[in-house]
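For reference, the structure discussed in these notes is given below.
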Amino acid sequence: MSSFSRIAGTGSALPERKISNDELAAELAARGVQTSDDWIVSRTGIRSRHFAEAGTTSVDLGEQAARRALESAGLQPADIDLIIVATSTPDMIFPSNAALIQGRLGVAGAAAFDMQAVCAGFVYALAVADQFVRSGMAHHALVIGAEVFSHILDFSDRTTCVLFGDGAGAVVLSASEQPGVLACALHADGRQAGILCTPGRVSGGAVTGHPFLRMDGQAVFKQAVHVLEDVAREALARAGRTPADVDWMVPHQANIRIMTHTAKKLGIPVDKVVVTVDQHGNTSAASIPLALDTAVRAGQIQRGDTLLFEAVGGGLTWGAALVDY
Ligand code: ACO
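Here's what the structure looks like:
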């Protein structure tokens with residue numbers, strides 16, 4: 004048993020192929036789909052995203068992010084005894100991305116499983132890993148978010164295909180007597196599964212149902228602004244802290260309007276919000292650890308800072324975590 008789990012290191016990975024809004028708009032125009040940089044920036048804050056090259060998978064990106072997180076923690080793969088991968092775009096139906104990454108890292112024996120909570124997946128995975136570490140079931144956990152949403156985008160649907168990107172982020176969560184993860188809060192409402200889903204499945208050797216992401220953007224938007232404030236306050240209250248204690252809010256990077264709206268409702272100044280949605284788009288479960296690693300490596304987030312993670316995703320699922328970094 005240890006008193007806390009603490010983030011010992013961070014890492015991330017992005018595919019090399021970066022696509023600006025203008026480049027995407029030109030590619031879509033060739034298919035008869037009209038959009039523009041103006042529309043995308045004004046509605047979402049997104050200016051570019053990375054798309055994986057053919058053959059690059061979420062396991063490839065997750066492995067790279069994990070190796071970088073291990074390096075920044077000063078640990079070897081052999082030190083890891085738990086791997087949780089948050090993903091909705093795994094390489095296979097089974098085995099899990101976590102098992103595949105465990106195999107590549109050569110750490111046979113470490114527990115490994117995937118977490119399916121869509122864009123809230125990283126917060127869910129962090130909360131679960133925190134329980135493992137504090138209970139003594141794991142000493143050093145790799146918590147990875149890795150996605151290739153480009154694989155499930157319908158490029159004839161301009162209301163969704165401009166929003167998402169590919170990438171991965173990871174943290175090493177280690178047992179510690181110093182405070183780290185202070186409190187988490189998780190929720191879901193399965194009655195709202197239909198407003199954000201990829202309903203296809205493999206059956207009888209074929210894909211049955213729609214194999215691409217579908218979203219009622221306005222319905223998700225309304226839910227997001229409602230639940231994110233509440234769940235952030237719940238995590239803060241559980242830790243005995245207030246919004247004034249937050250040095251950096253590291254939200255799920257879906258839409259700049261949702262991010263700043265939530266910060267304002269919490270009374271957190273918008274210049275304390277880590278923003279990477281402009282560069283990466285929405286990378287679902289990868290977005291928080293990717294934004295975290297970007298801010299850490301840029302020197303924006305420093306040791307000792309108090310961080311607020313919050314996310315909402317398909318399910319619906321939503322959650323928040325308060326962390327002393
Ligand atoms: N380019 C140009 N025009 C477009 C585009 C586009 N890419 N997409 C839609 N439009 C048009 C629509 O057709 C519509 O035209 P009309 O008025 O002639 O019918 C108009 O723009 C407005 O469309 P709305 O859907 O009303 O646009 P809105 O302002 O709601 O913005 C958006 C859409 C950006 C999707 C917003 O609703 C949103 O961000 N929702 C939340 C999404 C989210 O946060 N998801 C997070 C979870 S993701 C996960 O869990 C996987």
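Letter by letter, the sequence shown follows residues 4 to 328 in this note's numbering. Glycine is no exception: its CB is placed at the ideal position from the N, C-alpha and C atoms.
task: Helix, strand or coil for Leu27, going by three-state DSSP, please let me know.
output: helix
query: Just to confirm, are Ala72 and Ala178 a CB contact at a threshold of 8 Å?
result: no
query: Mind checking whether Gly317 and Val121 have CB atoms under 8 Å apart?
result: yes
task: For the segment 45-58 and the segment 273-286, state whether three or more C-beta atom pairs, one from each stretch, are separated by less than 8 Å.
output: yes
message: I'd like to know whether the C-beta of Asp296 is nearer than 8 Å to at least one C-beta of chain D.
response: Checking the listed chains, one finds no chain D in this structure; it contains a single protein chain.
task: Within the same chain, show all residues whose beta-carbon is closer than 7 Å to that of Thr60, passing over the 5 residues directly before and after it, in chain order.
output: Asp94 and Val151
- prompt: What are the start and end residues of the beta strand (DSSP E) that includes Pro272?
  reply: Careful: Pro272 lies outside any beta strand (DSSP E) and carries neither H nor E.
Terminal residues of the beta strand (DSSP E) in which Pro246 lies: Looking at the DSSP string, Pro246 is not in any beta strand (DSSP E), and its letter there is neither H nor E.
query: Does any heavy atom of the ligand ACO sit closer than 7 Å to the C-beta of Ile291?
result: no
- prompt: Comparing alpha-carbon positions, which option in Val234, Ala240 and Ala81 lies nearest Val175?
  reply: Ala81
- request: Mind checking which residues open and close the alpha helix (DSSP H) that includes Ile43?
  value: Asp40 to Thr47
task: Below 8 Å on the Cβ atoms is my guess for Ile261 versus Val228; work out the distance and round it to an integer in Å.
output: 6 Å
task: Check whether the segment 200-209 touches the segment 22-35, taking contact to mean three or more Cβ pairs, one atom from each stretch, closer than 8 Å.
output: no
- prompt: From Ala191 to Ala123, what does the alpha carbon distance come to, in whole angstroms?
  reply: 10 Å
Member of Cys164, Leu311, His255 and Leu64 whose CA lies at the smallest distance from the CA of Val280: His255
message: My parser needs the alpha helix (DSSP H) runs of 4 or more residues fully inside the segment 80-167; what are they?
response: 100-108, 124-138 and 161-164
message: To the nearest angstrom, how far is the alpha carbon of Ile86 from that of Ala132?
response: 9 Å
message: Going by DSSP in three states, Met252 sits in which element: helix, strand or coil?
response: strand
task: Would you kindly check if the distance between the Cβ of Gln181 and the Cβ of Arg9 is under 8 Å?
output: yes
task: Pull up the distance between the alpha-carbon of Val223 and that of Asp274, whole angstroms please.
output: 25 Å
message: Mapping the DSSP letters down to three states, classify His53 as helix, strand or coil.
response: strand
For Asp296, the first and last residue of its enclosing alpha helix (DSSP H): Ser290 to Arg300
DSSP state of Ser15 mapped onto helix, strand, coil: strand
query: Nearest to Ala240 by CA position, among Ala101, Met4, Asp308 and Ala188, is which residue?
result: Ala188
task: Report the partner residues of Gly316 according to the DSSP bridge assignment.
output: Thr320
field: Proximity below 8 Å, CB of Ala242 to CB of Ala186
entry: yes
- request: Would you kindly work out how many angstroms separate the C-alpha atoms of Arg70 and Gly14, rounded to a whole number?
  value: 7 Å
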